[in-house]
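Going letter by letter, the sequence shown gives residues 1397 to 1958 in the numbering used here.
No residue lacks a Cβ here, since even glycine has one placed at the ideal position from N, Cα and C.
These figures come from a predicted structure and were not determined experimentally.
Input: a single structure, listed below in structure tokens.
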Amino acid sequence: MLFLNSQIKCINQLIYLFMELPHIKHVHKHKPLTSLFLLFILANCGVSFPSQPQGKREWHMTSNVEEVAGKSYDYIIVGGGTCGCPLAATLSHNFSVLLIERGGSPYGNPLVIDRRYYGFPLIQKDNHHMTVAQRFTSQDGVSNVRGRVLGGSSAINGGFYSRASDEFVDKVGWDKMLVKEAYDWVESKVVFPPYFLTPWQSVAEFSLLETGILPYNGYSLEHIKGTKISGSVFDGFGQRHTSADLLEAGNPKNLTVLVNATVKSIIFHRNGDKNETSAKGIKFIKSNGNLDETYEAYIKKPKNSTSRGDVILSAGALGSPQLLLLSGIGPKQQLKSFNIPLVHEMKEVGQGMQDNPCIAILVDSKPENRPPDPPQIAGITEDFKIIIEASILPLSINESRVNIAAKIAMPFSKGYLELNNTDPRLNPLVKFNYLENENDMEECIKMTKLLNRIARSKSIAFFLGESQQNKLASTEFDLRKFCKKNVRTIYHYHGGCSVGSVVDKNYKVHGIKGLRVLDGSTFSESPGTNPMASLLMLGRYQGLKILQERETDSYLNVKENT
1397 MLFLNSQIKC INQLIYLFME LPHIKHVHKH KPLTSLFLLF ILANCGVSFP SQPQGKREWH
1457 MTSNVEEVAG KSYDYIIVGG GTCGCPLAAT LSHNFSVLLI ERGGSPYGNP LVIDRRYYGF
1517 PLIQKDNHHM TVAQRFTSQD GVSNVRGRVL GGSSAINGGF YSRASDEFVD KVGWDKMLVK
1577 EAYDWVESKV VFPPYFLTPW QSVAEFSLLE TGILPYNGYS LEHIKGTKIS GSVFDGFGQR
1637 HTSADLLEAG NPKNLTVLVN ATVKSIIFHR NGDKNETSAK GIKFIKSNGN LDETYEAYIK
1697 KPKNSTSRGD VILSAGALGS PQLLLLSGIG PKQQLKSFNI PLVHEMKEVG QGMQDNPCIA
1757 ILVDSKPENR PPDPPQIAGI TEDFKIIIEA SILPLSINES RVNIAAKIAM PFSKGYLELN
1817 NTDPRLNPLV KFNYLENEND MEECIKMTKL LNRIARSKSI AFFLGESQQN KLASTEFDLR
1877 KFCKKNVRTI YHYHGGCSVG SVVDKNYKVH GIKGLRVLDG STFSESPGTN PMASLLMLGR
1937 YQGLKILQER ETDSYLNVKE NT
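Set out below in structure tokens:
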């Protein structure tokens, strides 16, 4: 009987969509919608993801700090996240690399790997520094999370993959050819087109088109206006491929991955004769251990070259500025208040923090036991200022809510990050100043009006079997109050170590030799639909740049000695 009912529901949806599709302006011109529509029916008639085990890992991973303590490496990368893993894989082709991650392994953890458990890490209770997502609440009162697992936020996010725009690439001054090469490299390993669209994603697609988010672009990895389907790090079997999977492309003989270890500070060497400070190594602790029980690892000095490797911070938009401060790089007065010896005064560390303001609307009337559903569809407005996605997120093991969320793509409001304590495992203090700038508030009002139209679309009403929703607010004043009360995060926060103020165009920290920062903390805006694709690309891109740099240095050194 249940099977028969589901077949009847499929037939009803088939009839409805055939009736409604011609009335959605411009949609009939796009042939890809026909196939997507068929996939929608197949999906809703019970097609499910089979399961498939992950491949065999060749690189060495350990949680035993004794294996690493006292040893030297050409490069030490702090943070095995979205950017750190592709960076480590790339550098390991020519150099020894230590990748150190405060969280554990993602492998074998269904909350990370299995698409059916999407969103569950966000509601999991924190457990002695060992859960894969670490919660924090900004000074704005907005709840947020950060990744704490090998793979970083690529292990806990919605998996939506979309490139940065050409305009963004031009703006930051990246090499276009090398950017494309780096994107292609990432996409060949961990990015997949959708096997099919889930029922809710299909409905979300139709509702965006019905509301006028045009043109329809079909499947595209590019950041283009209109409605599109994009890639995902979930494969056709429903398995997530995090940035950690990119480590398979590295040289296993040169790569050591230490998990469940948290870096406490950077070790510096001061050369008084040259008036020069350089990064020499790191101090670290067991993530669930004693703060005073520290271990050290060092940067190797090459025997036949003046060139040497770096300590590279890839600890994320909160972790990297926090670690600079804990190591004595930052505003003098702030460091003094925590009795941290000043290594290099830099007032800009922790400044320029941004998070894209988000408004999410629950389109169902009450929680139900629907399976979690990560986003596959994006709507990008004509001016590129508003980006819309849809998902089903769990509230508990047996309850979830259907939502549509939109973010302001290029906010003006900025905040700051400061130390809250001297324990690197705990969260720093951060404030994003959501909607403080009037331009952001006006954009939020526009965004809420747009979400209201999408939520009240015929497509969504049919999917839920409910009448169209009432308007969220009726006046400009009410909308302003609504925005202030309901602004939230979409987890795309960035800044704190911006290019130009804290690091140079090669991501080297100003005033310190042998120290770089490479992650979302260096961004002054969030690229593309979301930053994951660009962070994965950046790890590969900058890894290749460093290899080129070392090759040039080696050539010049040989030339000088002949």
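query, result
"Would you report the Cα separation of Glu-1795 and Pro-1820, rounded to the nearest angstrom?", "35 Å"
"Sort out for me which residues DSSP pairs Ala-1774 with in a bridge.", "Lys-1624"
"On the criterion of 16 or more Cβ atoms from any shown chain inside 10 Å, does Glu-1872 qualify as buried, or is it exposed?", "exposed"
"Tell me whether Glu-1689 sits in a helix, a strand or coil according to DSSP, three-state version.", "coil"
"Shortest alpha-carbon distance to Leu-1875 belongs to which of Ser-1855, Tyr-1887 and Leu-1847?", "Leu-1847"
"Would you mind sorting Gly-1345 into buried or exposed? The rule is 16 or more other CB atoms within 10 Å of its CB.", "As shown, the chain starts at 1397 and ends at 1958. That puts residue 1345 outside it, with no answer to give."
"Where does Ile-1783 sit, in a helix, a strand or coil, going by DSSP?", "strand"
"Which residue from Glu-1741, Lys-1845 and Arg-1946 puts its Cα closest to that of Gln-1729?", "Glu-1741"
"Within a Cβ cutoff of 7 Å, which residues of the same chain sit near Pro-1698, ignoring the five residues on either side of it in sequence?", "Arg-1704"
"Pick out whichever of Lys-1676, Asn-1553 and Ile-1472 has its Cα sitting closest to the Cα of Ser-1639.", "Asn-1553"
"Apart from the five residues just before and just after His-1384, which ones in its own chain have a Cβ nearer than 6 Å to its Cβ?", "For residue 1384 there is no data in the structure shown, the boundaries of the chain being 1397 and 1958."
"Count the other C-beta atoms from every protein chain shown that fall within 10 angstroms of the C-beta of Ile-1841, then say buried if there are 16 or more, exposed otherwise.", "buried"
"If you drop the 5 nearest sequence neighbours on each side, which residues of the same chain put their C-beta closer than 6 Å to that of Thr-1652?", "His-1456 and Leu-1494"
"For Val-1568, list the residues DSSP reports as bridge partners.", "In DSSP, Val-1568 forms no bridge with anything."
"According to DSSP, which residues form a beta bridge with Ala-1484?", "Its beta-bridge partners do not exist; DSSP assigns none."
"Could you have a look at Ser-1447 and say whether DSSP puts it in helix, strand or coil?", "Its pLDDT being 31, under 50, Ser-1447 is placed unreliably by the model, and the measurement read from it follows with that caveat. Correct three-state label for Ser-1447: coil."
"Thinking just about the alpha-carbon of each residue, which of Val-1707, Asp-1688 and Tyr-1514 is nearest to the one in Ala-1675?", "Val-1707"
"Going by C-alpha to C-alpha distance, which of Asn-1505, Asp-1580 and Asp-1566 sits closest to Arg-1936?", "Asp-1580"
"Quick one: what does DSSP say Glu-1838 is sitting in, helix, strand or coil?", "helix"
"Are at least three pairs of beta-carbons, each pair with one atom in the stretch 1537-1547 and one in the stretch 1883-1897, less than 8 Å apart?", "yes"
"Helix, strand or coil for Ser-1733 per DSSP?", "helix"
"Rounded to the nearest angstrom, what separates Gln-1635 and Ile-1509 at their Cα positions?", "5 Å"
"Which residue comes first and which comes last in the alpha helix (DSSP H) that contains Phe-1664?", "Here Phe-1664 belongs to no alpha helix (DSSP H); instead the beta strand (DSSP E) covers 1657-1667."
"The beta strand (DSSP E) with Lys-1803 in it runs from where to where?", "1795-1804"
"Does the distance from the C-beta atom of Tyr-1469 to that of Ala-1693 stay below 8 Å?", "yes"
"I need the straight-line Cα distance from Val-1575 to Leu-1860, nearest angstrom please.", "42 Å"
"Strictly by DSSP, which residues pair up with Gln-1541?", "Looking at the sequence provided, one finds Val at residue 1541 rather than Gln. In DSSP, Val-1541 forms a bridge with Arg-1531."
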